[in-house]
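Worksheet: one structure, shown below.
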Amino acid sequence: MVLEVILIFLIACFGYSDYFTGKTLQTRPIVLGPLVGLALGNLEAGCIIGATLELAFMGAVGVGAALPPEVVSGSVLGTAFAIIGDKDAGMAVALGLPIAMLVMMLRNFLFIAIVPLFANKADKYAAAGDLKGVSRMHWYGGIFGMYLPLAILTTLSFYLGSNVMENVLNMIPTFIQDGLSISTGILPALGFAILLRMILNKKIVPFLFIGLILTAYLNLPVLAVAILAVCIVFIMSQTSEKQMAVGNNEMEVDDDDF
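Residue numbers are given in our numbering: position 82 of the sequence shown equals residue 82, and the series is strictly consecutive.
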């Protein structure tokens, strides 16, 4: 148990360190789920649950002042509790989403109450011309004011809640677990819908329907559709480059005539 707790803490730290490594998307469930599964001795379940949570959290991105659910804690704890309780991805989603919403409120509190303390200290260093002090406050504020407390909270929740959560999961009636599993098929659609609200426009709508036809009517697997999409992007990029080259040649001919 001690080794599992340590591994969960390291995984949580790895997820939160995304903010220091240039947004490499290591906060995403599809990355953290397999790591949790590997730490708990069930890599296959970790991959399945991580991919399912990724679909549910796909639209959970920060846009402007809108704060999304706290993905790291929801992914780690949702996956861990589902694996420990020997439950499916539906139960992981049912656990992960509420956890992510609760931790988001704590994260907001840290943003409002703790991080400004380091920011104010950084202002004093800046007024004194101490650039190293300003740099230290940026690092300390991020680590001790935000991400280390969240990693510790995630680990503590896993340590305290694993046995309790396992008993709770076993107490849930089968028909409720079946309902949660069915709702899991709806949540990915909700995640796609949230994402489409941000990116959907008339230029990409035809490609959306092409994908629908390929999967729903021609029964092509997702991998085949993805390969076809890559081919379309390559063809479009080549066509765009040729059009730009033709346009540049026409401009050169006009310059020569002048």
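Using N, Cα and C, we set each Cβ at its ideal position, and we do this for glycine too. Note that the structure is a prediction, hence the values are computed from the model and not measured.
Test item: CB-CB of residue i and residue j under 8 Å
i, j, result
"VAL71", "ALA100", "yes"
"THR154", "VAL76", "yes"
"ASP53", "GLY33", "Checking the sequence, you will find Leu at residue 53 rather than Asp. Yes, the pair counts as a contact, with Cβ atoms nearer than the cut-off."
"ALA39", "LEU7", "yes"
"PHE57", "ALA151", "no"
"GLY141", "PHE118", "yes"
"PRO69", "MET91", "no"
"ILE83", "ASN108", "no"
"ALA89", "ILE143", "no"
Simplified DSSP state of residue i, which is helix, strand or coil
i, result
"ALA224", "helix"
"ALA65", "Reliability of the predicted coordinates at ALA65 is poor, the pLDDT of 47 falling under 50, and no value is obtained from them."
"GLN26", "coil"
"PHE144", "helix"
"MET1", "coil"
"GLU44", "helix"
"PHE258", "With a pLDDT of 49 at PHE258, under the threshold of 50, the predicted position of this residue should be treated as unreliable, though the coordinate-derived value follows. Residue state, collapsed to three classes: coil."
"ILE213", "helix"
"ILE6", "helix"
"PHE20", "coil"
"GLU54", "helix"
"LYS242", "helix"
"PRO173", "coil"
"ALA12", "helix"
"LEU218", "coil"
"LEU38", "helix"
"ILE259", "A query on residue 259 cannot be resolved here, the shown segment of the chain reaching from 1 to 258 and no further."
"ILE204", "coil"
Proximal residues to residue i (C-beta, below 6 Å), its chain only, five neighbours per side dropped
i, result
"THR27", "GLY15, ASP18, VAL71, VAL72"
"LEU220", "LEU214"
"ALA80", "VAL36, PHE158"
"GLY74", "GLY96, ILE99, ALA100"
Cβ-based neighbour list, residue i, same chain, cut-off 8 Å, excluding 5 preceding and 5 following
i, result
"THR24", "ASP18"
"CYS231", "none"
"GLY161", "LEU77, PHE81"
"LEU218", "none"
"ALA122", "GLY133, VAL134, MET137, HIS138, GLY141"
Own chain, CB closer than 7 Å to residue i, minus 5 neighbours either side, in chain order
i, result
"GLY64", "Caution applies to GLY64, whose pLDDT of 47 falls short of 50 and renders its modelled position unreliable; the model cannot decide the point."
"VAL225", "GLY211, LEU214, THR215"
"LEU30", "Inspection of the sequence shows that residue 30 is occupied by Ile rather than by Leu. Counting only Cβ-Cβ distances below 7 Å, and skipping sequence neighbours, we find GLY50, ALA51, GLU54."
"SER157", "LEU77"
"TYR125", "GLY133, VAL134, MET137"
"ALA12", "VAL72, VAL76, ALA151, THR154, THR155"
"VAL5", "THR155, PHE158, TYR159"
"ALA229", "none"
Contact test: residue i Cβ vs the ligand MG heavy atom, cutoff 7 Å
i, result
"ILE235", "Within the structure as shown, the ligand MG is missing, as the structure has no ligands at all."
At a cut of 8 Å, does the stretch 89 to 98 reach the stretch 140 to 149 through at least three beta carbon pairs?
no
At 4 residues or longer, and completely inside the stretch 86 to 159: list those alpha helix (DSSP H) runs for me, N to C.
Every unbroken stretch of the alpha helix (DSSP H) spanning 4 or more residues and falling wholly within the stretch 86 to 159 is given here in chain order: 89 to 109, 115 to 127, 131 to 142.
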